[in-house]
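Chains as they are written, first to last, in the UniProt record's numbering: chain W, 1 to 96; chain E, 1 to 679.
We put the beta carbon where it would ideally sit given N, CA and C, even for glycine.
Quick caveat: nothing in here was measured; it's all calculated off a predicted structure.
What follows is one structure encoded as structure tokens, with my remarks underneath.
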Amino acid sequence: MRETVKLISMEGFEFIIDREAAMVSQTIRSMLTSPGGFSESKDGVVTFPDISTTILEKICQYFYWSLQYSRGKETEFHIEPELTLELMMAANYLHT
Amino acid sequence: MEPKIIDFEQGWDYIETGITALKRHSESLPVPKFTLEQYCDLYTAVYKMCVQKSPYDFSSQLYQKCCETMEEYMNSTVLPALNEKLGDEYMLLRELVERWSNYKVLVRALSHIFFYLQRFFIVRESLPSIETVGMGYFRDLVYNKLQSKVREAVLALVDKEREGEDIDRKVTKRVLEFYIEIGMERYEQDFESFMLKDTASYYSRKASSWIQEDDSINDYIFKSEQCLQKEKERVSHYLHFSSEPKLVKVVEHELFVVHENQILEKTHAEKQIGLGPLAKIFKQHVEDTTINAKEQVLIRKVIELHEVYMVTECFQSHTLFHKDLKRAVAGSDALLATFCDRIILKKWGSEELSEEDIEKVVMFLAYISDEKDIFAEFYRKKLALRLLLNRGVSDDHERSILTKLKQQNRGQFTFKMERMINDLTLSRENQNSFKEYVAKPGIGLTVTVLTSGIWPSYKTFGINLPNEMVKCVEVFKEFYETKTKGRKLTWIHSLGTCHVNGKFDQKSIELIVSTHQAVVLLLFNTKDKLSYNDIQTQLNVGHEDLVWLLYSLSCGKYKILIKEPATETVSRTDVFEFNSKFTARMCRVKIPLPHVNDKKKVIEDVDKDRRYAIDATIVRIMKGKKALGLQQLVSECVQQLNQMFKPDIKTIKMRIEDLITRDYLERDRENPNMFRYLA
Numbered sequence: 001m002r003e004t005v006k007l008i009s010m011e012g013f014e015f016i017i018d019r020e021a022a023m024v025s026q027t028i029r030s031m032l033t034s035p036g037g038f039s040e041s042k043d044g045v046v047t048f049p050d051i052s053t054t055i056l057e058k059i060c061q062y063f064y065w066s067l068q069y070s071r072g073k074e075t076e077f078h079i080e081p082e083l084t085l086e087l088m089m090a091a092n093y094l095h096t
Numbered sequence: 001m002e003p004k005i006i007d008f009e010q011g012w013d014y015i016e017t018g019i020t021a022l023k024r025h026s027e028s029l030p031v032p033k034f035t036l037e038q039y040c041d042l043y044t045a046v047y048k049m050c051v052q053k054s055p056y057d058f059s060s061q062l063y064q065k066c067c068e069t070m071e072e073y074m075n076s077t078v079l080p081a082l083n084e085k086l087g088d089e090y091m092l093l094r095e096l097v098e099r100w101s102n103y104k105v106l107v108r109a110l111s112h113i114f115f116y117l118q119r120f121f122i123v124r125e126s127l128p129s130i131e132t133v134g135m136g137y138f139r140d141l142v143y144n145k146l147q148s149k150v151r152e153a154v155l156a157l158v159d160k161e162r163e164g165e166d167i168d169r170k171v172t173k174r175v176l177e178f179y180i181e182i183g184m185e186r187y188e189q190d191f192e193s194f195m196l197k198d199t200a201s202y203y204s205r206k207a208s209s210w211i212q213e214d215d216s217i218n219d220y221i222f223k224s225e226q227c228l229q230k231e232k233e234r235v236s237h238y239l240h241f242s243s244e245p246k247l248v249k250v251v252e253h254e255l256f257v258v259h260e261n262q263i264l265e266k267t268h269a270e271k272q273i274g275l276g277p278l279a280k281i282f283k284q285h286v287e288d289t290t291i292n293a294k295e296q297v298l299i300r301k302v303i304e305l306h307e308v309y310m311v312t313e314c315f316q317s318h319t320l321f322h323k324d325l326k327r328a329v330a331g332s333d334a335l336l337a338t339f340c341d342r343i344i345l346k347k348w349g350s351e352e353l354s355e356e357d358i359e360k361v362v363m364f365l366a367y368i369s370d371e372k373d374i375f376a377e378f379y380r381k382k383l384a385l386r387l388l389l390n391r392g393v394s395d396d397h398e399r400s401i402l403t404k405l406k407q408q409n410r411g412q413f414t415f416k417m418e419r420m421i422n423d424l425t426l427s428r429e430n431q432n433s434f435k436e437y438v439a440k441p442g443i444g445l446t447v448t449v450l451t452s453g454i455w456p457s458y459k460t461f462g463i464n465l466p467n468e469m470v471k472c473v474e475v476f477k478e479f480y481e482t483k484t485k486g487r488k489l490t491w492i493h494s495l496g497t498c499h500v501n502g503k504f505d506q507k508s509i510e511l512i513v514s515t516h517q518a519v520v521l522l523l524f525n526t527k528d529k530l531s532y533n534d535i536q537t538q539l540n541v542g543h544e545d546l547v548w549l550l551y552s553l554s555c556g557k558y559k560i561l562i563k564e565p566a567t568e569t570v571s572r573t574d575v576f577e578f579n580s581k582f583t584a585r586m587c588r589v590k591i592p593l594p595h596v597n598d599k600k601k602v603i604e605d606v607d608k609d610r611r612y613a614i615d616a617t618i619v620r621i622m623k624g625k626k627a628l629g630l631q632q633l634v635s636e637c638v639q640q641l642n643q644m645f646k647p648d649i650k651t652i653k654m655r656i657e658d659l660i661t662r663d664y665l666e667r668d669r670e671n672p673n674m675f676r677y678l679a
């Protein structure tokens with residue numbers, strides 16, 4: 001049974017994705033694997049009060065696409081132009 | 001929505017609270033719990049403060065503050081805690097270990113939180129990472145101040161353990177891991193070197209007291225063995241594995257080497273000694289001193305070892321030691337011969353080779369009884385070269401060495417060599433008579449006559465001598481006929497030397513060359529340029545040999561001939577020209593011939609000789625016994641040949657078969673393992 005993590009956007013939407021997918025983000029990865037055992041790291045819930053739902057959704061899609069790509073399935077990842085700026089900032093924040 | 005600008009003070013306060021919580025977390029204090037949420041918040045705060053536009057970009061301030069925080073933590077929390085515990089070894093070490101691991105957690109967490117800084121600011125400004133800075137603080141503020149105390153504490157524990165007390169090994173191990181994490185050189189310089197010194201003094205004390213107390217050498221050996229064992233265990237329990245060889249060496253040194261004289265005395269005094277352990281120690285010592293030793297050094301060391309241990313009678317007849325020493329010297333007979341050659345040449349140049357030195361070397365030979373014939377062969381070749389090329393020898397010395405060799409081994413060993421020296425003396429007398437015979441000058445010829453079979457076989461190749469030389473050869477032949485009839489003379493030009501006067505443009509230089517080389521050079525008296533083919537036809541020399549000769553004259557250090565084309569090898573299409581421009585500093589120049597490595601050839605020769613020896617022995621045995629079984633024949637053979645070398649059973653069997661085909665022996669019809677002698 002694969003482990004999951006929950007990502008919460010600023011509006012309160014909850015995205016539940018695989019742990020593996022979330023680890024694509026370095027930030028999330030270090031949050032989940034930091035030494036010291038943060039209390040919720042087993043069943044990770046991370047809140048992003050600065051990331052909107054649309055963006056967070058796109059990011060989750062990106063995680064999965066990234067995993068696919070690294071396994072050999074080289075498709076394209078389409079980004080709507082309006083989202084680009086916010087998406088980049090989020091990506092910066094998440095170190096993705 | 002405009003993101004709110006975070007003011008630094010505010011921002012930092014917020015972060016600081018977080019960090020305090022983090023500190024408590026790193027110390028594993030239960031309350032309050034540091035949550036993922038808090039982590040996220042902190043990370044976000046840092047992020048925001050860094051991405052704000054200037055002048056609100058607080059990256060550098062954040063970096064500074066972070067470093068300050070770590071430093072301050074060190075000074076306020078870690079150091080005092082440690083200083084408190086200075087009194088007690090255990091407390092100090094435990095505290096150190098704990099603080100160290102907490103600190104590591106803290107630093108790591110901090111670096112994660114400030115990760116955004118790491119990605120951009122730190123890289124941009126090429127600053128050290130937060131982790132590096134953190135470690136640096138620990139090293140400077142804590143380690144440097146306290147490490148000598150820590151080390152003392154650890155060494156005290158080690159000594160206690162040696163005395164039999166039980167110590168907390170886990171703590172010790174963690175302390176040493178800490179040293180290693182700080183840096184391997186730190187471990188080596190600040191800990192290991194002191195540890196080794198401490199060990200040395202500890203064991204030196206122990207050794208002296210034991211030597212005094214103990215009556216029996218057995219006990220001493222036993223105790224020493226135990227100590228060695230314990231030290232090795234110690235390494236596996238908490239020291240770093242790289243310390244093991246150094247530690248073992250130190251202990252051995254203190255326990256054995258330093259007191260070796262006393263040990264030897266004691267062993268001498270006691271007739272009965274437990275040889276097992278002593279042999280092991282000896283072997284270790286031999287290995288330590290001979291490991292990685294280069295040729296000459298190896299021989300020298302082995303001879304020294306031999307002196308130290310063998311000269312005392314008590315070991316001399318003991319096979320255990322022989323074996324170990326032999327093992328160390330395995331396969332070095334060629335080296336030994338070379339070594340003897342070198343000592344003789346070197347020492348006789350400057351100082352007198354003492355009787356003792358000779359004795360030492362010869363006694364040592366007694367130990368290489370496996371392959372004495374290989375040694376003999378090499379020695380003979382070297383001796384021949386020394387005698388023929390007149391390399392600063394004195395007959396008396398050579399004879400005295402041979403006498404000693406003869407004492408140690410049976411007659412056969414030195415028979416040929418003695419004859420060689422005799423040959424030379426005879427030759428010299430001959431030479432004088434020859435000079436008188438040749439009343440008229442004009443032939444500057446010196447001839448040394450060697451008895452074939454006594455001297456090592458030399459390869460030589462025929463060459464068409466120029467007229468001048470042919471005349472000389474004829475004259476000598478006549479002379480020799482007057483002295484002894486019925487003998488055939490074969491000229492070995494490859495060993496001859498010629499002094500040739502070369503009239504070069506700058507000055508006349510005397511060239512010292514071999515006879516063959518001289519013949520080649522004389523060809524250029526009539527013509528300046530000659531092709532390879534010309535030379536070959538005129539001299540009637542084989543291709544390989546000619547290449548070798550021409551190479552030495554045109555491609556070596558001194559280019560007497562110019563070769564066209566000027567390549568590194570001689571080929572059939574080359575053309576050679578007399579190099580009138582040749583000049584050298586001295587008026588006399590030696591043109592060497594490239595050296596041929598004949599080690600393999602010597603071993604081949606020896607193998608051949610051995611086969612003959614085996615044949616002769618088999619026939620001799622069979623002649624005596626008339627009929628013998630295979631096993632007995634083989635064992636008799638081995639016994640008889642053991643003086644010179646250890647015969648291989650397969651080879652013996654092969655020789656038996658060979659003798660059967662040559663009708664010396666026959667197989668018994670009923671029993672295939674029985675042989676009969678055929679008259």
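- Residues of chain W whose Cβ lies closer than 9 Å to the Cβ of E/F115 are, in chain order, Q26, T27, S30, H95.
- Secondary-structure assignment with DSSP links E/C498 through a beta bridge to E/V513.
- Distances from the CA of E/V638 to each of E/K623, E/A613, E/A627 were compared; the closest alpha carbon is that of E/A613.
- With the criterion set as a beta carbon lying under 8 Å from some beta carbon of chain W, the members of the region 119-130 of chain E are R119, in sequence order.
- Cβ neighbours of E/Q517 within its own chain (closer than 8 Å, five residues either side excluded): C498, L549, S552, L553, I591, L593.
- Here W/V46 is near E/C40, since their CB atoms are less than 7 Å apart.
- For W/V5, no Cβ of chain E is located within less than 7 Å of the residue's own Cβ.
- For E/E670, the three-state secondary structure derived from DSSP is coil.
- Within chain W, not a single residue places a beta-carbon under 8 Å from that of E/Y137; the smallest gap is close to 19 Å.
- Rounded to whole angstroms, the gap between the alpha carbons of E/Y73 and W/I79 is 47 Å.
- Neighbours of E/T44 across chain W, judged by C-beta separation under 9 Å: F48, P49, D50, Y93.
- Going by DSSP, E/K483 is part of the alpha helix (DSSP H) stretching over 467-483.
- When C-beta atoms of the region 48-63 of chain W are compared with those of the region 4-20 of chain W, three or more pairs fall below 8 Å, so the two segments count as touching.
- Against chain W, the CB of E/C40 has a partner CB under 7 Å away; the residue lies at that interface.
- The criterion of a C-beta distance shorter than 7 Å is satisfied by E/A627 and E/R676.
- Runs of the beta strand (DSSP E) spanning 3 or more residues and lying entirely within the region 72-141 of chain E do not occur at all.
- The beta carbon of E/E89 is closer than 7 Å to those of A153, A156, L157 in its chain, skipping five residues each way along the sequence.
- Taking C-beta separations shorter than 8 Å and ignoring five residues to either side along the sequence, the partners of E/R655 in its chain run R611, I614, D615, I618, following chain order.
- In the structure shown, the three-state DSSP call for E/F222 is helix.
- Within chain W, the residues T47 have their CB atoms less than 7 Å from the CB of E/E37, given in chain order.
- Rounded to whole angstroms, E/R174 and E/V97 show a C-alpha spacing of 7 Å.
- Going by DSSP, E/A584 is part of no alpha helix (DSSP H) at all; its letter is neither H nor E.
- Taking CB atoms only, E/Y47 has a neighbour in chain W less than 7 Å away.
- For E/K529, the enclosing beta strand (DSSP E) has its first and last residue at 529-531.
- Any Cβ of chain W closer than 7 Å to the Cβ of E/H253 would place that residue at the interface, and such an atom is absent.
- In terms of CA proximity to E/S242, E/L196 leads the group E/L196, E/L79, E/Y137.
- Along the region 138-177 of chain E, the beta strand (DSSP E) does not occur as any fully enclosed run of 3 or more residues.
- Separation of the CB atoms of E/L546 and E/I535 is rounded to 7 Å, and the pair is thereby assigned contact status at 8 Å.
- Here the alpha carbons of E/F191 and E/A109 stand approximately 30 Å from one another.
- In the three-state DSSP reduction, W/E86 falls in the helix class (H, G or I).
- Note on geometry: alpha-carbon atoms of E/T490 and E/V447 lie some 12 Å from one another.
- As the crow flies, the alpha-carbon of E/F582 is around 13 Å from that of E/G556.
- With fewer than 16 other CB atoms across the displayed protein chains lying within 10 angstroms of its CB, E/G462 is exposed.
- In the structure shown, W/I8 falls within a strand segment according to DSSP collapsed to helix, strand and coil.
- At a Cβ-Cβ threshold of 7 Å, E/Y137 and E/M70 count as neighbours.
- By the neighbour-count definition (other C-beta atoms within 10 Å, threshold 16), E/Q52 is a buried residue.
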